[in-house]
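Which chain is which? The protein sequence lines are W and Y, in order.
So in our numbering, spot 63 of the first sequence is number 49, and the numbers just go up one at a time.
For our numbering, count along the second sequence from 1 and bump the result up by 589.
Using N, Cα and C, we set each Cβ at its ideal position, and we do this for glycine too.
Here is the structure we will look at.
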Amino acid sequence: MKVEILTPKGLELAVEAKTVIAPTLIGEIAVLENHIPIISVLKAGKLTIKSGEKDITREIEGGILEFAKDKMVILLKRF
Amino acid sequence: MELKEIRRKIESVSNIRKLTGALETLSALKMKKSQKFALDSRPFAQKVNQLLSHIEPVLKARKDIFLRQDEVKKILAVVIASDRGFCGSFNQNVARLAEKEIRKMKETGEVEVFSVGKKATANFKKKKEKINNSFFGIGDYGELEEVKPISDYIIRAFIERKFQKVYIVWTDFQSTFFQKPRIMQLLPLDRESLREIFKEISGEKHEHETDPIIEPSLGMVGREIIPQLIEYLIYQCILESNASEHSARMVAMRNASDNAKKRVGELMLDYNKARQEMITREVTEISSAKEVLE
């Protein structure tokens, strides 16, 4: 799936990934390919994007996650 | 015209030119910066808008506070203009649209104004509109945190039901030479008005085939996401207005510099003509005096 990270400063990251682990308000979730559409609120915590070869892990301050049609968009204040 | 007088005029016009030239350079820099801010955050704002329209139907069914269409008694009109003048018709354009819309709003309820920018405040004071709150010093904003006091105030006033409707008037940045004042219904959230505004920029149609799951719960999404999304929308409006303001000022100052340059040229011509005339007159006087003496 495609993963895009958007902030008010622009598109910060656009990668292909297999799994995204994100901290939501009610706990961590892992989104795999072909997940059903989801909109979720993220809290401060660790965001991990796994692409198979290289994992990206970042601390985030909270934001909004949307997954639809094999594309994930994560809105953050800063990245 | 007296030589001295012309010389003084040339001096003052060249001083004006220096001033407008300096302002032009300054606003060109600011323009570049603010345009970058506005354009960079557009994809983000589009996404925000898309998300809002996705969750709107679900929240509407739940009669969420941000979407409830109550009977309208009081309306808040947020008007974004600039702190300083010298920017062509930028402030007048915003004021004209705002006044027209406020007249329309008055047919449905009592209107109060939230003016952002000293020029907007001054204008509404003169027009004797009821000013609810005002802000200034936003001209160089670029960070989300700086907009927070404005969005927090608006959201709080809406939640406390002080106002049943909130409109925002801002200037949409289209290009350095063209900016358009616009109005949008900010609260209660309205899918149609959101679409209307972002139609031109986004173009891309993006619909979910199935309704998305919304986590954690709808109520939480309403409380958590919507204030954030509204903050982002206000932020984008302010960025667009700033980019427009600096662009308008740059263009206005460039025109002023060009005019001043032209005026100096004309005055120089006058000055040289007057000087020649004086010399000719003196030569004639001298030669006629000489003839008399002989």
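By the Cβ neighbour-count rule, threonine 760 of chain Y is buried, with 16 or more other Cβ atoms within 10 Å of its own.
Among the residues facing chain W, proline 632 of chain Y is included, as its CB has a counterpart in that chain under 8 Å away. For chain Y, the residues of the segment 8 to 37 of chain W that bring a beta carbon within less than 8 Å of one of its beta carbons are Thr10, Leu11, Ile12, Ile15, Ile22, Pro23, Ile24, Ile25, Ser26, Val27, in chain order.
For the segment 46 to 59 of chain W, the beta-carbon criterion of a distance under 7 Å to any beta-carbon of chain Y is satisfied by Ile50, Glu52, Ala54, Val59.
For leucine 640 of chain Y, the C-beta contacts it makes with chain W under 9 Å involve Ile25, Ile50, Glu52, Val59, Leu61, in order along the chain. About 5 Å separates the CB atoms of alanine 8 of chain W and leucine 33 of chain W; that is less than 8 Å, so the two are in contact.
By the Cβ rule, the segment 629 to 641 of chain Y counts as touching the segment 814 to 824 of chain Y, because three or more pairs are nearer than 8 Å. The alpha-carbon separation between isoleucine 827 of chain Y and isoleucine 669 of chain Y amounts to approximately 7 Å. At a cut-off of 8 Å between beta carbons, leucine -8 of chain W contacts chain Y. One Cα belongs to lysine 57 of chain W, the other to lysine -12 of chain W, and the distance between them is close to 5 Å. When the beta-carbon positions are compared, leucine 11 of chain W and proline 801 of chain Y stay at least 8 Å from each other.
A check of alpha carbon separations from alanine 711 of chain Y across Y/Asp729, Y/Lys695, Y/Arg692, Y/Ser671 identifies Y/Ser671 as the nearest.
In the structure shown, the three-state DSSP call for proline 9 of chain W is strand. Taking 8 Å as the CB threshold, valine 683 of chain Y stays off the interface with chain W. Of the residues assessed, valine 1 of chain W falls on the exposed side of the cut-off, its CB having fewer than 16 other CB atoms within 10 angstroms. Look at valine 661 of chain Y here: in three-state DSSP terms it is coil, with no helix or strand label.
In the displayed model, alanine 617 of chain Y falls within a helix according to three-state DSSP.
The segment 32 to 61 of chain W contains, as complete beta strand (DSSP E) runs of 3+ residues, the segments 41 to 46, 49 to 54 (chain order).
In terms of CA proximity to alanine 627 of chain Y, Y/Ser836 leads the group Y/Arg692, Y/Gln753, Y/Ser836, Y/Met694. Against leucine -3 of chain W, the close residues of chain Y are Asp629, Pro632, Phe633, in the order they occur along the chain (beta-carbon pairs closer than 9 Å). Counting C-beta pairs with one atom in each stretch, the segment 697 to 706 of chain Y and the segment 658 to 667 of chain Y have three or more that are closer than 8 Å, which means they touch. Glutamine 753 of chain Y sits in coil when the DSSP states are folded into three classes, being neither helix nor strand.
In terms of Cβ geometry, leucine 776 of chain Y and valine 810 of chain Y do not form a close pair [threshold 8 Å]. The CB of leucine 733 of chain Y comes closer than 7 Å to the CB of Pro(-6), Lys63 in chain W, given here in chain order. Interface with chain W (8 Å Cβ-Cβ cutoff): methionine 809 of chain Y is included.
By the 16-neighbour rule on beta-carbons within 10 angstroms, asparagine 831 of chain Y is buried.
For isoleucine 827 of chain Y, no chain W residue has a Cβ inside 8 Å of its Cβ, as the nearest lies near 11 Å away. In the pairwise beta carbon analysis, the segment 651 to 663 of chain Y is classified as not touching the segment 853 to 872 of chain Y: fewer than three pairs are separated by under 8 Å.
Contact annotation, lysine 63 of chain W with glutamate 47 of chain W: C-beta distance approximately 6 Å; criterion of less than 8 Å satisfied. Think of a sphere of 9 Å around the beta carbon of lysine 649 of chain Y: no beta carbon from chain W falls inside it, the nearest being about 15 Å out. Counting along the chain, the unbroken beta strand (DSSP E) around glycine -4 of chain W starts and ends at -4 to 2. Exclusion of the five residues before and after isoleucine 744 of chain Y leaves Pro816, Ile819 as the residues of its chain whose Cβ lies within less than 7 Å of its Cβ. When W/Leu61, W/Gly(-4), W/Ile(-9), W/Val59 are compared, the shortest CA-CA separation from serine 630 of chain Y is found for W/Gly(-4).
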